[in-house]
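Enquirer: This structure is in structure tokens; I'll ask about it shortly.
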Amino acid sequence: MPRKVVITGLGATTPIGGDVPTMWANALKGVSGAHTIEADWVQKYELPVTFAAQVSTPASEVLTRVEAKRMDPSTQFAVVASREAWRDSGIEEVDPDRLAVAFATGIGGVWTLLDAWDTLRDKGPRRVLPMTVPMLMPNGPAAAVSLDIGARAGAHTPVSACASGTEALQQGLELIRSGKADVVMCGGAEAAIHPMPMAAFASMQALSRRNDDPEHASRPYDLNRDGFVMGEGAGALVLEAEEHALARGARIYGELAGTSVTADAYHITAPDPGGLGATRALKAALFDARALPSDVVHVNAHATSTPVGDKPEYIALKEAFGSHVDNVAVSATKSQTGHLLGASGAIEAVMTVLAVYDRSAPMTINLENQDPEIPLDVVTSERKLPGGDIVALSNSFGFGGHNAVVVIRNV
Amino acid sequence: MASNEEILAGLAEIVNEETGLAPESVEMDKSFTDDLDIDSISMMTIVVNAEEKFGVRIPDEEVKNLKTVGDAVTFIAGAQA
Numbered sequence: 001m002p003r004k005v006v007i008t009g010l011g012a013t014t015p016i017g018g019d020v021p022t023m024w025a026n027a028l029k030g031v032s033g034a035h036t037i038e039a040d041w042v043q044k045y046e047l048p049v050t051f052a053a054q055v056s057t058p059a060s061e062v063l064t065r066v067e068a069k070r071m072d073p074s075t076q077f078a079v080v081a082s083r084e085a086w087r088d089s090g091i092e093e094v095d096p097d098r099l100a101v102a103f104a105t106g107i108g109g110v111w112t113l114l115d116a117w118d119t120l121r122d123k124g125p126r127r128v129l130p131m132t133v134p135m136l137m138p139n140g141p142a143a144a145v146s147l148d149i150g151a152r153a154g155a156h157t158p159v160s161a162c163a164s165g166t167e168a169l170q171q172g173l174e175l176i177r178s179g180k181a182d183v184v185m186c187g188g189a190e191a192a193i194h195p196m197p198m199a200a201f202a203s204m205q206a207l208s209r210r211n212d213d214p215e216h217a218s219r220p221y222d223l224n225r226d227g228f229v230m231g232e233g234a235g236a237l238v239l240e241a242e243e244h245a246l247a248r249g250a251r252i253y254g255e256l257a258g259t260s261v262t263a264d265a266y267h268i269t270a271p272d273p274g275g276l277g278a279t280r281a282l283k284a285a286l287f288d289a290r291a292l293p294s295d296v297v298h299v300n301a302h303a304t305s306t307p308v309g310d311k312p313e314y315i316a317l318k319e320a321f322g323s324h325v326d327n328v329a330v331s332a333t334k335s336q337t338g339h340l341l342g343a344s345g346a347i348e349a350v351m352t353v354l355a356v357y358d359r360s361a362p363m364t365i366n367l368e369n370q371d372p373e374i375p376l377d378v379v380t381s382e383r384k385l386p387g388g389d390i391v392a393l394s395n396s397f398g399f400g401g402h403n404a405v406v407v408i409r410n411v
Numbered sequence: 001m002a003s004n005e006e007i008l009a010g011l012a013e014i015v016n017e018e019t020g021l022a023p024e025s026v027e028m029d030k031s032f033t034d035d036l037d038i039d040s041i042s043m044m045t046i047v048v049n050a051e052e053k054f055g056v057r058i059p060d061e062e063v064k065n066l067k068t069v070g071d072a073v074t075f076i077a078g079a080q081a
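Listed in order, the protein sequences are those of chains A and B. Going by the UniProt record's numbering, the first residue of the first sequence is number 1, and it counts up by one from there. Going by the UniProt record's numbering, the first residue of the second sequence is number 1, and it counts up by one from there.
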């Protein structure tokens, strides 16, 4: 049997809460983190989409001015979330050579990159700051977290678009199972609410255009869904070998029982309409966790609220679970948080761990007319999960045909 | 043209902005590396900001000669003259 891996610390900074307790209380209540963007660049560039789900607590309120200056916003979010997770784990001492980081991002330091380009054009090469490269590199969040907690067993950065955060958990699990580390700080961070990515996602018709009603724009499974809402933030989870956690008497939230990653090899952005890659990912993750479809009581779905994306996930769930799909409480939390791209898998894993720990599924908001082609049991009001041994899943799918699934089991 | 005192005060402001060090700790005889613990990346940032603030050019090959705050003040004053 492989080493058992448990979750002992959680951290988050999101559009619906700047820490885990706030985020989770809101997630159970059902609130929207989407609002009109106040920045002047929205009007300046005449962006077709004028709203997003920005973090509820700016990183500048948590980090010192000097810390923040040396970090891209994506790294700032990563450090904020991982510090909370580290404190939450209660770890006081760990061998640095047995402590690793797997911290994902989908896009990396896009603010830094484009600010530096503006500086180069406006003021010349001398004014391009020497911190530009370490701030824009996509491994910036992983590297900063490694520095912050003194992790020397490797700092990894999975990049698979919107599946990145979930893939980080797979890397973390493998690092502990293989014996390369005892503790891994996993997570994902994203800070891409910048006019260029906003224009690019809008250009591919991926974003909701509900400019006059941002709070109701992210509406997974609704007949009138018209695209996702850009989100930003980070989520972090401390993974720990079970024997390591037990030896120090840690509070254990749950077990990271299994993971899987597959690729569609179908289309660069469109999901396989038959959900084949996602189905394989679901089946492989359950197998990895030694779990049966009938063990699954809850799924935190990828469900971004795009017209084409939500249905193939349903097809995959149906294919993987059979008739048991009707007994699974499905939450589409992007209805509240927006889509945090490379951070979404990490945030949603935090919520899935808490759902198992608290036996409560988070809310899906804005579901007014459920798409009859997606007849899932969607959580739209307070929902308790059953007692006894349970398993919950979190799915993430990314441009490029990436499918990633994590399986959480109660302990 | 700024006086040495004005240049020192301006530099202290730039160092504080970059590193968080208290402006009053930036004194003429302090070494950037040994006393103020400023690494090469921060030093270059301080140099570029000083160029903009004082309207001077500090060549890259000159930066390694700026060991103390006083060295930098003297160089900037000379470049302004």
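Cβ atoms here follow ideal geometry from the backbone N, Cα and C, with glycine treated the same way.
Interface residues of chain B around residue 2 of chain A at Cβ under 9 Å?
Expert: None at all; the shortest Cβ gap to chain B is about 42 Å.
Enquirer: Would residue 43 of chain B and residue 63 of chain B be called neighbours here (beta carbons separated by less than 9 Å)?
Expert: yes
Enquirer: Leaving out the 5 sequence neighbours to the left and right, which residues in its chain are closer than 6 Å to residue 19 of chain A when beta-carbon positions are compared?
Expert: 84
Enquirer: Between which two residues does the alpha helix (DSSP H) containing residue 65 of chain A stretch?
Expert: 65 to 69
Enquirer: Between which two residues does the beta strand (DSSP E) carrying residue 300 of chain A extend?
Expert: 296 to 300
Enquirer: Under 9 Å between the Cβ atoms of residue 168 of chain A and residue 187 of chain A?
Expert: yes
Enquirer: At which residue ranges does the region 236 to 265 of chain A contain complete alpha helix (DSSP H) runs of 4 or more residues, listed in the order of the chain?
Expert: 242 to 247
Enquirer: In chain B, which residues lie with their C-beta within 9 Å of the C-beta of residue 65 of chain A?
Expert: 17 and 20
Enquirer: Between the region 174 to 187 of chain A and the region 329 to 337 of chain A, do three or more beta carbon pairs fall short of 8 Å?
Expert: The answer is no - the region 329 to 337 of chain A does not touch the region 174 to 187 of chain A, with fewer than three Cβ pairs under 8 Å.
Enquirer: Taking 9 Å as the threshold (beta carbon to beta carbon), is residue 169 of chain A in contact with chain B?
Expert: No, its Cβ sits nowhere closer than 9 Å to a Cβ of chain B.
Enquirer: Could you check how far apart the C-beta atoms of residue 154 of chain A and residue 396 of chain A are, in whole angstroms? I think they sit under 8 Å.
Expert: With 8 Å as the limit, residue 154 of chain A and residue 396 of chain A do not qualify as a contact, their Cβ atoms being about 22 Å apart.
Enquirer: Find the residues of chain A that neighbour residue 48 of chain B, judging by a C-beta separation of less than 9 Å, and give them in chain order.
Expert: 126, 127, 128, 129 and 130
Enquirer: Closer than 9 Å between beta carbons: that is the criterion. Which residues of the region 27 to 41 of chain B meet it against chain A?
Expert: 40 and 41
Enquirer: Quick one: is residue 24 of chain B near chain A, going by C-beta distance under 9 Å?
Expert: no
Enquirer: Taking 8 Å as the limit between beta carbons, can you name the residues of its chain near residue 307 of chain A, skipping five residues before and five after?
Expert: 225, 226 and 227
Enquirer: Residue 42 of chain A: which of A/220, A/317, A/197 and A/375 sits nearest, CA to CA?
Expert: Here the closest residue by C-alpha is A/197.
Enquirer: Note down, in chain order, each residue of its chain lying with its Cβ closer than 7 Å to the Cβ of residue 73 of chain A, except the 5 sequence neighbours on either side.
Expert: 59, 111 and 191
Enquirer: What residues from chain A crowd round residue 45 of chain B, counting only those whose CB sits closer than 7 Å?
Expert: Close to residue 45 of chain B, with beta-carbon spacing below 7 Å, are these residues of chain A in chain order: 129, 130 and 131.
Enquirer: Please classify residue 147 of chain A: is it buried, with 16 or more other beta-carbons within 10 angstroms of its beta-carbon, or exposed?
Expert: exposed
Enquirer: Can you check whether the C-beta of residue 51 of chain B is within less than 9 Å of a C-beta belonging to chain A?
Expert: Interface residue, yes.
Enquirer: Looking at the C-beta of residue 134 of chain A, does it have a partner C-beta in chain B at a distance below 9 Å?
Expert: Yes, residue 134 of chain A lies at the interface with chain B (some Cβ there is under 9 Å from its Cβ).
Enquirer: Compare the C-beta of residue 69 of chain A against all C-beta atoms of chain B and say whether one is closer than 9 Å.
Expert: With 9 Å as the cut-off, residue 69 of chain A counts as an interface residue toward chain B.
Enquirer: Mapping the DSSP letters down to three states, classify residue 350 of chain A as helix, strand or coil.
Expert: helix
Enquirer: If you compare alpha carbons, which of A/229, A/126, A/170 and A/233 is closest to residue 141 of chain A?
Expert: A/233
Enquirer: Per the DSSP calculation, residue 397 of chain A is bridged to which residue(s)?
Expert: Bridge pairing for residue 397 of chain A: A/403 [DSSP].
Enquirer: Which same chain residues, not among the five before or five after residue 208 of chain A, have their C-beta less than 6 Å away from its C-beta?
Expert: Counting only Cβ-Cβ distances below 6 Å, and skipping sequence neighbours, we find 217, 226, 227 and 229.
Enquirer: Can you tell me which of the three DSSP states residue 190 of chain A falls into?
Expert: strand
Enquirer: Identify, in the order they occur along the chain, each residue of the same chain with its Cβ nearer than 8 Å to the Cβ of residue 369 of chain A, setting aside the five sequence neighbours on each side.
Expert: 222, 223 and 224
Enquirer: For residue 78 of chain B, which option in B/9, B/56 and B/15 has the closest C-alpha, if you only look at C-alpha atoms?
Expert: B/56
Enquirer: Alpha carbon to alpha carbon, how far is residue 51 of chain A from residue 200 of chain A? Give it in angstroms, no decimals.
Expert: 15 Å
Enquirer: Straight-line CA distance for residue 114 of chain A to residue 133 of chain A?
Expert: 12 Å
Enquirer: Pair every Cβ in the region 239 to 253 of chain A with every Cβ in the region 384 to 401 of chain A, then say whether three or more of these pairs are closer than 8 Å.
Expert: no
Enquirer: Which partner residues does residue 226 of chain A have in the DSSP bridge list?
Expert: According to DSSP, which records beta bridges pairwise, residue 226 of chain A is partnered with nothing at all.
Enquirer: Just to check my reading of the structure: residue 255 of chain A and residue 411 of chain A have Cβ atoms closer than 8 Å, yes? What is that Cβ distance to the nearest angstrom?
Expert: 5 Å
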